[in-house]
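Colleague: One structure follows; several queries about it will come next.
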Amino acid sequence: MDMAALIAVIGVAFFFTYTNGFHDSANAIATSVSTRALTPRAALAMAAVMNLAGAFLGSGVAHTVSKGIIETPTGNQGMAILFAALVGAIAWNLVTWYFGLPSSSSHALFGGMVGAALAGGVDVIWSGVIDKIVIPMIVSPVVGLVGGFLVMLAILWIFRRANPHRAKRNFRVAQTASAAAMALAHGLQDAQKTMGIVVMALTISGHQSGGGIPVWVKISCATMLSLGTYAGGWRIMRTLGRKIIELDPPQGFAAEATSAAVMYITSFVFKAPISTTHVITAAIMGAGATKRIRAVRWGVAKNIVLGWFITMPAAAIVAALMYWFVHLFWG
128 MDMAALIAVI GVAFFFTYTN GFHDSANAIA TSVSTRALTP RAALAMAAVM
178 NLAGAFLGSG VAHTVSKGII ETPTGNQGMA ILFAALVGAI AWNLVTWYFG
228 LPSSSSHALF GGMVGAALAG GVDVIWSGVI DKIVIPMIVS PVVGLVGGFL
278 VMLAILWIFR RANPHRAKRN FRVAQTASAA AMALAHGLQD AQKTMGIVVM
328 ALTISGHQSG GGIPVWVKIS CATMLSLGTY AGGWRIMRTL GRKIIELDPP
378 QGFAAEATSA AVMYITSFVF KAPISTTHVI TAAIMGAGAT KRIRAVRWGV
428 AKNIVLGWFI TMPAAAIVAA LMYWFVHLFW G
């Protein structure tokens, strides 16, 4: 096994994690920044620390990624498949970041894996793709939308006699906790996805035989995700925090609390790798709709949802093309 190929795959995996961090940093903190509960730099620093901590909370998502989506490829062909999958995901992350579109880094990675596997003649575990990716991709935003709406309704009823200005001040404080919970959940979900890829690379190269995740892999993936998070994704932050709806602190708290709960449940109970982007965006729409349905800018929301559906095919196409190119050199 060519050691250079292993190093290249792991290096690109770490870079993907970095792009995941700055692409998805808005997920955890956009609502807190837009409601002025936190300053941008303070929010990014908090999110980076909580992402780092969240990466060590579990390993179920990593095992799903490494064993439940495609059959483990072998040899240099396997390395070419992983390399191409990561390049496809990175390319989609950079394109959507440039246009400020909050698409899913997770589904970009999964699309890249499927596209590269098909191009390389490796079997795709379609039952795993459907059960662990497609169904959660559809269900989790619906749960986020309905949950955000219901949580916000509960807040409005509980605090119906409270002084509005005092309540907003209190919810700005509460948003610090909900944003931290969201960032912790993001670390739990997204750092593990790259861990799964690195474990596959180590297995293909013969440097690992079991399914455990080495400590150095956890630390490296968590660190790169945190560094990317601190770099910030300002373009996407503006879309989530302002363009969908003008949020107030109670709505921001409702969206973040709902999203964090959905991600913890899917991580620990179902071990399903869901999109933090899908969940928080849907929860923002749900919480905002309690003000009035027309308060949500549904035209912006429509473009975001369209981006969700083209993410996996687009990343798959890029990854397939990249595999055919890389295969010429790695054989």
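Per our numbering, the sequence shown starts with residue 128, numbered consecutively.
By construction, the Cβ of each residue, glycine as well, lies at the ideal position given by its N, Cα and C atoms.
Within the same chain, show all residues whose beta-carbon is closer than 7 Å to that of Ala207, passing over the 5 residues directly before and after it, in chain order.
Modeller: So the qualifying residues of the chain are Gly247, Tyr450, Val453, His454 and Trp457.
Colleague: Within 10 Å of its beta-carbon, does Ala212 have 16 or more other beta-carbons around it, so buried, or fewer, so exposed?
Modeller: Looking at its Cβ environment, which holds 16 or more other Cβ atoms inside 10 Å, Ala212 is buried.
Colleague: Taking Val342 as the reference, give the member of Ala358, Ala318, Gly333 and Gly355 with the closest Cα.
Modeller: Taking only the C-alpha atoms, the option nearest Val342 is Ala318.
Colleague: Going by beta carbon distance, what residues of the same chain come within less than 8 Å of Val269, once the five residues before and after it are set aside?
Modeller: Excluding positions up to five away in sequence, the list reads Ala409.
Colleague: To the nearest angstrom, how far is the alpha carbon of Ala172 from that of Tyr357?
Modeller: Those two C-alpha atoms are separated by around 6 Å.
Colleague: So, with DSSP's three-state summary, where would you put Val251?
Modeller: Val251: strand per DSSP, three-state reduction.
Colleague: How long is the line joining the alpha carbons of Val344 and Met322, rounded to whole angstroms?
Modeller: Using only the alpha carbons, I get a separation of about 6 Å.
Colleague: Helix, strand or coil for Ile407? Go by DSSP, reduced to three states.
Modeller: If DSSP states are grouped into helix, strand and coil, Ile407 belongs with the helices.
Colleague: Looking at the unbroken alpha helix (DSSP H) that takes in Thr303, where does it start and where does it end?
Modeller: Its alpha helix (DSSP H) spans residues Pro291 to His313.
Colleague: What are the boundary residues of the alpha helix (DSSP H) that includes Lys194?
Modeller: Its alpha helix (DSSP H) spans residues Gly187 to Lys194.
Colleague: Leaving out five residues before and five after Ala446 in sequence, what residues of the same chain have Cβ atoms less than 6 Å from its Cβ?
Modeller: Ala211, Ala212, Gly215, Gly239, Gly242 and Ala243, listed in sequence order.
Colleague: DSSP puts Ile134 in a beta bridge; with which residues?
Modeller: Per DSSP, none; premise fails for Ile134.
Colleague: Do you know offhand how far Met309's Cα is from Leu354's?
Modeller: Going from the Cα of Met309 to the Cα of Leu354 covers about 17 Å.
Colleague: When the Cα atoms are used, what is the spatial distance from Ala157 to Leu133?
Modeller: Their backbone Cα atoms lie some 36 Å apart in a straight line.
Colleague: So, is Leu433 buried or exposed, given that buried needs 16 or more other C-beta atoms within 10 angstroms?
Modeller: The residue in question, Leu433, is exposed, as its Cβ has fewer than 16 Cβ neighbours within 10 Å.
Colleague: Consult DSSP for Ile346 and reduce its assignment to one of helix, strand or coil.
Modeller: Correct three-state label for Ile346: helix.
Colleague: DSSP three-state call for Ile156: helix, strand or coil?
Modeller: Here Ile156 sits in helix by DSSP.
Colleague: Rounded to a whole number of angstroms, what is the C-alpha to C-alpha distance between Met439 and Tyr391?
Modeller: Between Met439 and Tyr391, the C-alpha separation is close to 24 Å.
Colleague: Using DSSP with H/G/I as helix, E/B as strand and the rest coil, what is Ile197?
Modeller: Strand at Ile197.
Colleague: Helix, strand or coil for Gln335 per DSSP?
Modeller: Reduced to three states, the DSSP call for Gln335 is coil.
Colleague: Just how far apart, CA to CA, sit Leu184 and Leu315?
Modeller: Looking at the two C-alpha atoms, the distance is approximately 6 Å.
Colleague: What three-state label does DSSP hand Ser230 in the structure shown?
Modeller: Of the three classes helix, strand and coil, the one that applies to Ser230 here is coil, per DSSP.
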